[in-house]
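In our numbering, the protein residues as written are 35 to 319.
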């Protein structure tokens with residue numbers, strides 16, 4: 035088999051050594067903000083507005099609140115009294131801070147306690163990012179095609195270079211992985227996916243055998259993903275199972291500004307503001 039590789043990665047540059055010959059790789063980054071699908075926070079703000087509460091007040095979510103209260107209590111985190119928002123009381127904010135410190139060896143007070151709870155903080159951060167993709171099947175069926183479907187269509191059907199690198203963000207990788215694993219049982223997902231560490235990447239490899247049959251293999255951080263026990267998936271089968279998800283650029287530009295009709299966010303701006311003003315009402319300190 036001959037392989038072509040496309041990579042969705044958080045590394046902004048790269049050079050491939052192949053057969054002792056250096057090949058300059060074309061790298062794609064975000065383009066026009068109002069049309070962008072690699073990092074969609076600006077271009078899709080209209081359609082995704084009902085899910086943004088999770089960024090700002092994830093401890094309100096029932097699947098996060100009890101465990102997060104335990105973490106806050108054990109770490110001794112306290113409410114700010116200077117009028118600022120309580121970002122230090124959000125799992126993802128604390129995880130970002132700890133991940134950077136641990137990765138670069140920056141000293142941290144009470145490090146042993148933070149390391150003890152780090153896996154749980156990481157898990158709740160992933161739950162946060164998955165929740166921003168919707169907290170119901172209806173919401174995810176709306177959000178994932180916008181967040182991941184356009185990227186998949188671009189990678190599978192529109193890239194024509196032997197090797198391509200698309201520079202993205204963890205908020206891009208997570209929806210793509212959730213979309214790819216959407217039909218898997220939770221225990222299967224947990225075996226192949228965790229919060230993307232620094233420089234994470236998804237690799238899409240395209241194969242063709244001697245009889246011209248085409249296959250796709252997908253790897254997350256160099257670990258192959260099996261779909262129903264199959265690592266090399268016939269490309270036609272992959273296209274069929276992702277048909278509900280993938281969209282053209284024209285479809286993306288149509289849907290990126292459309293939220294779910296008659297659908298309000300789970301928590302209002304006033305409730306989010308109240309959480310930051312009075313976190314003790316929602317968390318057990």
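Glycine residues also receive a C-beta, built at the ideal position from the N, C-alpha and C atoms.
In this text, all values refer to a predicted model and were calculated from it rather than measured experimentally.
With a CB to CB cut of under 8 Å and the five nearest residues on each side skipped, what residues in its chain are close to residue i?
{"i": "residue 316", "result": "93, 94, 99, 309"}
{"i": "residue 167", "result": "85, 173, 174, 177, 178, 181, 208, 209, 212"}
{"i": "residue 164", "result": "208, 212"}
{"i": "residue 140", "result": "134"}
Which term fits residue i, buried or exposed, when burial requires 16 or more other beta carbons within 10 angstroms of its beta carbon?
{"i": "residue 235", "result": "buried"}
{"i": "residue 146", "result": "exposed"}
{"i": "residue 117", "result": "exposed"}
{"i": "residue 63", "result": "exposed"}
Does residue i come out as helix, strand or coil in the three-state DSSP assignment?
{"i": "residue 136", "result": "helix"}
{"i": "residue 123", "result": "helix"}
{"i": "residue 246", "result": "coil"}
{"i": "residue 237", "result": "strand"}
{"i": "residue 166", "result": "coil"}
{"i": "residue 71", "result": "coil"}
{"i": "residue 224", "result": "helix"}
{"i": "residue 111", "result": "coil"}
{"i": "residue 3", "result": "With the chain represented from 35 up to 319, any question about residue 3 goes unanswered, as that position is not in the structure."}
{"i": "residue 309", "result": "helix"}
{"i": "residue 148", "result": "helix"}
Report yes if the CB atom of residue i is closer than 8 Å to the CB atom of residue j, and no otherwise.
{"i": "residue 106", "j": "residue 124", "result": "no"}
{"i": "residue 305", "j": "residue 113", "result": "no"}
{"i": "residue 296", "j": "residue 81", "result": "no"}
{"i": "residue 281", "j": "residue 187", "result": "yes"}
{"i": "residue 142", "j": "residue 72", "result": "no"}
{"i": "residue 241", "j": "residue 266", "result": "yes"}
{"i": "residue 268", "j": "residue 249", "result": "yes"}
{"i": "residue 199", "j": "residue 61", "result": "yes"}
{"i": "residue 79", "j": "residue 69", "result": "no"}
{"i": "residue 194", "j": "residue 230", "result": "no"}
{"i": "residue 190", "j": "residue 273", "result": "yes"}
{"i": "residue 215", "j": "residue 151", "result": "no"}
{"i": "residue 83", "j": "residue 293", "result": "yes"}
Going by beta carbon distance, what residues of the same chain come within less than 7 Å of residue i, once the five residues before and after it are set aside?
{"i": "residue 128", "result": "122, 155"}
{"i": "residue 232", "result": "137"}
{"i": "residue 276", "result": "186"}
{"i": "residue 279", "result": "178, 179, 182, 183, 186, 213"}
Less than 6 Å between C-beta atoms, sequence neighbours within five positions excluded: which residues of the same chain meet that for residue i?
{"i": "residue 35", "result": "Legend: pLDDT at residue 35 = 43, less than 50; position of this residue unreliable, value from coordinates given subsequently. Excluding positions up to five away in sequence, the list reads 241, 243."}
Hey, residue i and residue j are a contact pair by Cβ (cut 8 Å); roughly how many whole angstroms apart?
{"i": "residue 159", "j": "residue 126", "result": "4 Å"}
{"i": "residue 4", "j": "residue 227", "result": "The requested residue 4 is not part of the displayed model; the chain covers only 35 to 319."}
{"i": "residue 162", "j": "residue 88", "result": "6 Å"}
Kindly indicate if chain D contains any beta-carbon less than 8 Å away from that of residue i.
{"i": "residue 297", "result": "Within the model displayed, chain D is absent; a lone protein chain is all it includes."}
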